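Chemist:
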Amino acid sequence: ETGVTQTPRHLVMGMTNKKSLKCEQHLGHNAMYWYKQSAKKPLELMFVYSLEERVENNSVPSRFSPECPNSSHLFLHLHTLQPEDSALYLCASSRGTGGVYEQYFGPGTRLTVT
Amino acid sequence: AQSVTQLGSHVSVSEGALVLLRCNYSSSVPPYLFWYVQYPNQGLQLLLKYTSAATLVKGINGFEAEFKKSETSFHLTKPSAHMSDAAEYFCAVANRDDKIIFGKGTRLHILP
């Protein structure tokens with residue numbers, strides 16, 4: 007595997023389910039990100055991790071819970087989601103968290119909440 | 014605070030015609046500027062990046078962008094559009110120590 011991978015690519019879940027999204031980067035980067043991409047909305051930064059430490063949490067509801075066990079893996083745990091949470095969830099990584107470092111994105115997980 | 018504005022949520026060009034996607038930024042410090050492309054059902058892919066080394070930046074797939082400080086612009090161009098260029102394009106701005114701010118995106122349609 008190369009670059010940034012995400013699993014699953016598609017997920018349908020009910021509002022009472024618990025599921026997790028997984029992201030893995032094979033680039034040796036130190037920073038990882040979760041973004042939410044909804045139709046007709048700008049890309050929304052959700053969480054930022056640097057060297058496994060969360061450095062940013064952009065007022066994301068507690069039904070989204072990130073986990074970064076090491077610099078190569080990032081998870082997003084989901085529980086009791088709402089239909090408006092349906093979106094494409096993108097993971098990204100970069101060498102560092104400053105703007106000088108370009109981000110590399112995974113293909114995303116298309117989430118549908120029913 | 015930084016911001017980026019992409020003019021036109023949809024742009025249509027004929028195959029073989031010039032592609033011009035507009036991006037204006039606001040930044041109180043010298044910015045880093047990016048163009049990303051997103052093909053259907055994929056993540057974002059970096060097209061090119063401006064880091065103050067040269068005002069004309071060449072990227073992948075024949076795209077280039079010119080940094081114009083006086084106009085606070087970083088427009089993306091390609092001399093001749095190809096059907097495979099149909100995608101959504103995102104302009105983004107950052108300063109050295111802060112997060113990247115993405116624009117709302119411009120969907121490029123290529124007409125046969």
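Chains as they are written, first to last, in my numbering: chain Y, 7 to 120; chain Z, 14 to 125. Using N, Cα and C, we set each Cβ at its ideal position, and we do this for glycine too. Note that the structure is predicted; figures quoted are calculated from it, not measured.
#1: Measure the alpha-carbon distance for residue 88/Z versus residue 36/Z and round it to whole angstroms.
#2: Return yes when the Cβ of residue 97/Y is within less than 8 Å of the Cβ of residue 10/Y, no when it is not.
#3: Kindly say whether residue 108/Y, judged by its beta-carbon, lies nearer than 8 Å to any beta-carbon of chain Z.
#4: Taking 8 Å as the threshold (beta carbon to beta carbon), is residue 54/Y in contact with chain Z?
#5: Provide the residue span of the beta strand (DSSP E) that contains residue 67/Z, from first to last.
#6: Can you find a CB in chain Y that lies within less than 8 Å of the CB of residue 87/Z?
#7: Three-state secondary structure (DSSP) at residue 89/Y?
#8: Look at residue 56/Z and residue 114/Y and say whether their C-beta atoms are less than 8 Å apart.
#9: With a 10 Å radius around its C-beta and 16 neighbouring C-beta atoms as the bar for buried, classify residue 52/Y as buried or exposed.
#10: For residue 20/Y, which option in 101/Y, 102/Y, 48/Y, 86/Y has the closest C-alpha, if you only look at C-alpha atoms?
#11: Note down, in chain order, every chain Y residue with its Cβ under 7 Å from the Cβ of residue 21/Z.
#12: For residue 91/Z, count the other beta carbons within 10 Å of its own beta carbon; 16 or more makes it buried, fewer makes it exposed. Which is it?
#13: Applying a beta-carbon distance threshold of less than 9 Å, which residues of chain Z neighbour residue 113/Y?
#14: Can you pull the chain Z neighbours of residue 34/Y, defined as C-beta to C-beta under 8 Å?
#15: Apply the 10 Å Cβ neighbour rule to residue 107/Z and answer buried if 16 or more other Cβ atoms are within range, or exposed otherwise.
Modeler: Based on what the coordinates show:
#1: Here residue 88/Z corresponds to residue number 75 of the second sequence, with the count starting at 1. Here residue 36/Z corresponds to residue number 23 of the second sequence, with the count starting at 1. Rounded to whole angstroms, residue 88/Z to residue 36/Z spans 5 Å at the Cα level.
#2: Numbered from 1 along the first sequence, position 4 holds the residue referred to as residue 10/Y. Numbered from 1 along the first sequence, position 91 holds the residue referred to as residue 97/Y. With respect to residue 97/Y, residue 10/Y sits close: the two C-beta atoms are nearer than 8 Å.
#3: Within the first sequence, numbered from 1, the residue matching residue 108/Y stands at position 102. Interface residue, yes.
#4: Looking up residue 54/Y in the first sequence gives position 48. For residue 54/Y, the answer is yes, since a Cβ of chain Z falls inside 8 Å of its Cβ.
#5: Against the second sequence, residue 67/Z aligns to sequence position 54. Looking at the DSSP string, residue 67/Z is not in any beta strand (DSSP E), and its letter there is neither H nor E.
#6: Counting from 1 along the second sequence, the entry for residue 87/Z is found at position 74. No - not a single Cβ of chain Y is within 8 Å of the one on residue 87/Z.
#7: The residue you call residue 89/Y lines up with position 83 of the first sequence. The answer is helix: DSSP assigns residue 89/Y an H, G or I state.
#8: Position 43 of the second sequence, counted from the start, is the residue given in the question as residue 56/Z. Position 108 of the first sequence, counted from the start, is the residue given in the question as residue 114/Y. It is a contact, given that the beta carbons lie within the stated cut-off.
#9: Numbered from 1 along the first sequence, position 46 holds the residue referred to as residue 52/Y. So residue 52/Y ends up on the buried side.
#10: As a position in the first sequence, residue 20/Y is number 14, starting the count at 1. Comparing Cα positions, the closest option is 86/Y.
#11: Residue numbering aside, residue 21/Z sits at position 8 when the second sequence is read from its first letter. Under the 7 Å cutoff, chain Y gives no residues; its nearest Cβ is about 15 Å from residue 21/Z.
#12: Taking the second sequence and counting its residues from 1, the one referred to as residue 91/Z is at position 78. Classification of residue 91/Z: buried, given that the 10 Å Cβ count is 16 or more.
#13: Reading the first sequence from its first residue, position 107 is the one you call residue 113/Y. 54, 55, 56, listed in chain order.
#14: For the purposes of this step, residue 34/Y is taken as residue 28 along the first sequence, with counting starting at 1. Simply none; closest approach about 17 Å.
#15: The residue labelled residue 107/Z in the question sits at position 94 within the second sequence. Buried.
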